[in-house]
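J.:
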Amino acid sequence: MDLLSEEGVGMYGFRHYFASNALGNGIPITDVAEWMGHKSIEETYRTYRHLMPGSITKAARILDAGLWEAA
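Okay, so the sequence shown: first residue is 1 according to full-length UniProt numbering, each after it adds one.
1) Kindly indicate which three-state DSSP category Gly-66 falls into: helix, strand or coil?
2) Going by DSSP in three states, His-50 sits in which element: helix, strand or coil?
3) Who are the near neighbours of Thr-44 in its chain, counting only those whose CB is closer than 8 angstroms to its CB and skipping five residues on each side?
4) Give the range of the alpha helix (DSSP H) segment to which Asn-21 is assigned.
5) Between which two residues does the alpha helix (DSSP H) harbouring Ile-29 extend?
6) If we ignore side chains and look at the alpha-carbon of each, how far apart do His-50 and Gly-66 end up?
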């Protein structure tokens, strides 16, 4: 079976799946942007930001915990 023709899944469908899966599993957006060949991280951010809910809150918690440990 040829997935690309018979199932209607094209190259961009696979790319989107890859990026969505990577970001959903916590891989940094900078890495995903590089792997996707995006010229800027803004392109990746605009397209996939919705897949990273709470990422700013999570980052703030990590940084806050690190500051208290260092004190």
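Ideal placement from N, C-alpha and C gives every residue a C-beta, glycine not left out.
T.: The short version:
1) Helix.
2) Residue state for His-50 is assigned as helix, using DSSP reduced to three classes.
3) Apart from the 5 residues on each side of it in sequence, Thr-44 sits with its Cβ closer than 8 angstroms to the Cβ of Ala-19, Ile-29, Val-32, Ala-33, Met-36, His-38 in its chain, given in chain order.
4) Per DSSP, Asn-21 belongs to the alpha helix (DSSP H) from 11-24.
5) Its alpha helix (DSSP H) spans residues 29-36.
6) Taking the straight line joining both Cα atoms gives about 27 angstroms.
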